[in-house]
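In this note's numbering, the protein residues as written are 3 to 482. All C-beta atoms, glycine included, are put in the ideal place defined by N, C-alpha and C. Taking it in order: structure first as C-alpha cells, then the write-up.
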Amino acid sequence: MDTSFLLTDTQVQDFLINGYLVLQPISLDENYHSSIFTEALSIFTKEGNPGNNILPRIPQLQSVFDDPIVIGALESLLGSNYTMQPNRYAHLSKPACKGEQWHKDSYYGYKKLLHHHQLRYIMAMYYPQNTTIEMGLTAIKPRSQYDVMDLKINRNNDMENDVCMTYTAGTVVLIHYDIVHRRTVNRTKDTYCFMFKFQFNRLEEPTKPTWNHNSMNTVYDAGLLQPIVKHIWNWMMGGVDIRQQLFIDQNILEWERQLNDTDGKLRLNAAYNLALSNQYKILINHLYKIKETSHLEVVYALTACRYNKDAISELQTILKTEEKNEYLASCIAFIFSEMGSMALETLPLLIHVMETSDSWLVKQYCCEALGTIQSNDQHDIDMTIRSLTHILANRNQQLDSKEASHTRFTAALSLAKMGDKAVGAIPVLKDALYFDPNRYVNGNALLALERIGTSEALKIVWNYLETSRWCAKTSPASLF
C-alpha cells in the first residue's frame, strides 16, 4: 500500500499511551455514510439487530474498512497481515436509552483471565452520523487499557479526563481492545445513533516497524505507563534487548514495595520497572501470591523478560512442577505466549502440558502460545499441528462447554497464525468449518484455510462461501 497512509511515530506512541486514535476516512462522502445510517435504521426497524451478520446485511460497510486511512492505521498497529474477526456488532442508541457501567469487553462473550498489553486485538468504532454528547455515545477512559480490571477501578465518571465520542459522520475510532468504556445515556427525544463495532487482530509477530518510523522520533512521556509503553514499543519494533542497566538498590526496594500497593497503576509501573531492570526473581516470587491478591500485574510484567534465558528457564521449572495448578500454569503459559519466538525452547513443555492438563483455561493459553511461538523446524511444526488439531477435533456436540469451545477457536486461530505451515491441518480444519457448533471456530477455521493458501485449501474456502453466501437484498419483506 501507499506508505503515506501509515501512521507516524507520534501517532503510534499516542495510541500506546492513551489507547485510542481518531481517523477520518477520505474515500467516502457524507451521502455514503448517510445511506448506511438509513439502511441500518430500516433493518433494525423491520428485522431487528442482525448481530454478526451486519456486514453481509450491509456490505457497504466494508468500504469503510477498505479506506486507505483505516487500512494504514490498522497495518501500522497490527502488522500487514491483520484480519477482521467474525465478531461484529451494530449498537443502536435510541431516545431515552440507558447508559452502561464502565467495563472492558470480553472476547466475543468469553472471559479471559489475562488479556493482552501487546497489540494483538483492536476494536474499530464507526459512526455513520454526526454525534453529540446528548445522543448516548461511547465514552472511554484514556490510559485505562493496561489496568488489571476489578469492580473498584474506573467505576466512577471523571468529567475532566473521560472522552465522549463526539465526531462528524464517517469517523472511525480505533481503540485498544481492553480500554475501559461504556455507552452513555441518550438524552434526546427523537434521535437515533448508530455505532458499528468491528474487531481486528494481529496474525504475525512483529519483526520490524510497520508504520512510518523515524529513529529520531523516539522520545515520549507516558507518565506511569512509561515502562509498559517502552516494552510494547520495543516489541512492535521487532525487538532488541532493552533491559535497564542503570538502577540503584533503592529503586528496586521501592518497586518491590509498590507491588503490594493498593493503587493498581503503581503496581503495574513497579512490576514493569522491575522486569526492565532484570529483577525477574522478585516478580516470580510474587507469582505464588497472585491468586490470593488478584495482583496480576507481575504476570504481565514477566512477558517483558523475554530476553532473559534464566527467567524463561526458571518459569519452565515452575510449570513442570506446578502443571496441575490451574492458576500458575495458565499464567506461565500466557507469559510464554506473549514472549513469542524468544520462548521457543518452551514449545515441547507447552505441548505436554496442553495434552495432559484437565483445565480448559490452561489448554487455552497453551493453544495461544503455539500460535505465537513459531518454529521453522519440521518436527516442531508437526508436533504443533498434531496438538492443535487434537484440540480442534475434540468436541462433544451434546455437552459442549463454553470453556471447551473457547479453547477450540483459540486452536483454530493459532493454526491460522501458522499460515502455510499448517497445511497438515486441512482435513481437521474442513471438518471444523462445516461441523463445529461454535460460530467463531467456523470463522477461524475458514481464516486458517485461506492463509494456508494451497489449491486444496482454497477450494474448500470457495465451496463453503458459495454455499453460505448471504444475499443482502433478501429480507422477510422480499424473500426472492
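Going by C-alpha distance, which of the options is nearest residue i?
{"i": "Arg189", "options": "Asn275, Ser95 and Ser82", "result": "Ser95"}
{"i": "Thr5", "options": "Pro27, Arg204, Leu23 and Gly74", "result": "Gly74"}
{"i": "Ala272", "options": "Asn253, Ser480, Pro208 and Leu467", "result": "Asn253"}
{"i": "Ser477", "options": "Asn55, Gly21, Ile314 and Leu18", "result": "Asn55"}
{"i": "Asn262", "options": "His297, Gly240, Lys283 and Pro229", "result": "His297"}
{"i": "Tyr179", "options": "Glu207, Ile393, Ile124 and Lys210", "result": "Ile124"}
{"i": "Arg185", "options": "Lys106, Ala171 and Thr170", "result": "Lys106"}
{"i": "Ser389", "options": "Gly342, Leu351, Lys404 and Ile454", "result": "Leu351"}
{"i": "Arg410", "options": "Ile375, Asn378 and Ala450", "result": "Ala450"}
{"i": "Leu448", "options": "Ile286, Ser457, Tyr466 and Arg204", "result": "Tyr466"}
{"i": "Tyr91", "options": "Gln201, Gly241, Gly225 and Ser29", "result": "Gln201"}
{"i": "His35", "options": "Val72, Thr85, His118 and Ala171", "result": "Ala171"}
{"i": "Lys199", "options": "Thr173, Glu77 and Ser343", "result": "Thr173"}
{"i": "Tyr84", "options": "Asp68, Asn398, Asn20 and His93", "result": "Asp68"}
{"i": "Glu488", "options": "Ile375, Ile387 and Asp402", "result": "Outside the modelled stretch of the chain, which goes from 3 to 482, sits residue 488, for which no answer is possible."}
{"i": "Gly240", "options": "Lys475, Asn158 and Thr212", "result": "Thr212"}
{"i": "Ile462", "options": "Val430, Trp472, Tyr367 and Phe482", "result": "Val430"}
{"i": "Asn446", "options": "Arg308, Leu276 and Leu415", "result": "Leu415"}
{"i": "Gly342", "options": "Ala371, Lys322 and Gln366", "result": "Ala371"}
{"i": "Leu115", "options": "Tyr367, Thr456, Arg471 and Lys404", "result": "Tyr367"}
What residue does the alpha helix (DSSP H) around residue i start on, and which one ends it?
{"i": "Phe46", "result": "Glu32 to Lys48"}
{"i": "His288", "result": "Tyr282 to Leu289"}
{"i": "Leu174", "result": "The identity of residue 174 in the sequence shown is Val, whereas the question assumes Leu. From DSSP, Val174 is part of no alpha helix (DSSP H) but of the beta strand (DSSP E) over Val174 to His178."}
{"i": "Val301", "result": "Glu299 to Leu304"}
{"i": "Met385", "result": "Gln380 to Ala395"}
{"i": "His233", "result": "Gln228 to Met238"}
{"i": "Thr12", "result": "Asp11 to Asn20"}
{"i": "Ile56", "result": "Ile56 to Arg59"}
{"i": "Ile142", "result": "Looking at the DSSP string, Ile142 is not in any alpha helix (DSSP H); the run it does join, the beta strand (DSSP E), is Thr140 to Lys143."}
{"i": "Leu276", "result": "Gly266 to Leu278"}
{"i": "Trp257", "result": "Asp251 to Gln260"}
Just the Cα atoms here: how many angstroms apart are residue i and residue j?
{"i": "Thr391", "j": "Lys232", "result": "36 Å"}
{"i": "Asn396", "j": "Met218", "result": "51 Å"}
{"i": "Leu121", "j": "Gly81", "result": "10 Å"}
{"i": "Ser339", "j": "His354", "result": "15 Å"}
{"i": "Gln181", "j": "Glu357", "result": "Looking at the sequence itself, residue 181 is Ile, so the reference to Gln does not match. Using only the alpha carbons, I get a separation of about 34 Å."}
{"i": "Ser480", "j": "Asn236", "result": "54 Å"}
{"i": "Leu228", "j": "Leu460", "result": "Rather than Leu, the amino acid found at residue 228 in this sequence is Gln. Whole-angstrom Cα-Cα distance: 45 Å."}
{"i": "Met238", "j": "Asn214", "result": "13 Å"}
{"i": "Asp164", "j": "Asp433", "result": "46 Å"}
{"i": "Arg269", "j": "Ile428", "result": "45 Å"}
{"i": "Tyr282", "j": "Tyr274", "result": "10 Å"}
{"i": "Ser292", "j": "Ile38", "result": "Correcting the residue identity first, residue 292 is Ile in this sequence and not Ser. C-alpha separation (whole angstroms): 47 Å."}
{"i": "Ser359", "j": "Leu23", "result": "40 Å"}
{"i": "Asn440", "j": "Leu43", "result": "29 Å"}
{"i": "Ala141", "j": "Pro70", "result": "26 Å"}
{"i": "Phe46", "j": "Pro52", "result": "8 Å"}
{"i": "Tyr436", "j": "Val14", "result": "39 Å"}
{"i": "Leu384", "j": "Asp312", "result": "It should be pointed out that residue 384 corresponds to Asp in this sequence rather than to Leu. Rounded to the nearest angstrom, the two C-alpha atoms are 28 Å apart."}
{"i": "Trp104", "j": "Glu458", "result": "46 Å"}
{"i": "Ala418", "j": "Leu394", "result": "12 Å"}
{"i": "Pro442", "j": "Glu256", "result": "The amino acid occupying residue 442 in the given sequence is Tyr; Pro does not appear at that position. Going from the Cα of Tyr442 to the Cα of Glu256 covers about 45 Å."}
{"i": "Ala345", "j": "Leu317", "result": "11 Å"}
What are the boundary residues of the beta strand (DSSP E) that residue i is part of?
{"i": "Arg90", "result": "Thr85 to Ser95"}
{"i": "Lys419", "result": "Lys419 -> not in any beta strand (DSSP E); alpha helix (DSSP H) instead, spanning Lys404 to Met420."}
{"i": "Ala126", "result": "Tyr123 to Tyr128"}
{"i": "Lys210", "result": "Premise fails: Lys210 is in no beta strand (DSSP E) and is neither H nor E."}
{"i": "Val66", "result": "No beta strand (DSSP E) contains Val66, which is instead part of the alpha helix (DSSP H) from Leu63 to Phe67."}
{"i": "Arg184", "result": "Val182 to Arg185"}
Identify whether residue i lies in helix, strand or coil by the three-state DSSP scheme.
{"i": "Arg441", "result": "helix"}
{"i": "Ser361", "result": "coil"}
{"i": "Phe198", "result": "strand"}
{"i": "Met161", "result": "coil"}
{"i": "Ser457", "result": "helix"}
{"i": "Arg308", "result": "coil"}
{"i": "Leu25", "result": "strand"}
{"i": "Cys333", "result": "helix"}
{"i": "Tyr112", "result": "strand"}
{"i": "Ile320", "result": "helix"}
{"i": "Ser477", "result": "strand"}
{"i": "Val425", "result": "helix"}
{"i": "Cys369", "result": "helix"}
{"i": "Ile71", "result": "helix"}
{"i": "His354", "result": "helix"}
{"i": "Ala98", "result": "coil"}
{"i": "Met137", "result": "strand"}
{"i": "Asn483", "result": "A query on residue 483 cannot be resolved here, the shown segment of the chain reaching from 3 to 482 and no further."}
Inter-stretch contact (C-beta, 8 Å, three-pair minimum) for the segment 333–340 and the segment 300–311 | yes
Are the segment 415–427 and the segment 128–137 in contact at 8 Å, needing three or more beta carbon pairs?
-> no
Decide yes or no for the touch test of the segment 140–152 against the segment 59–67: beta carbon pairs closer than 8 Å, at least 3 of them.
-> no
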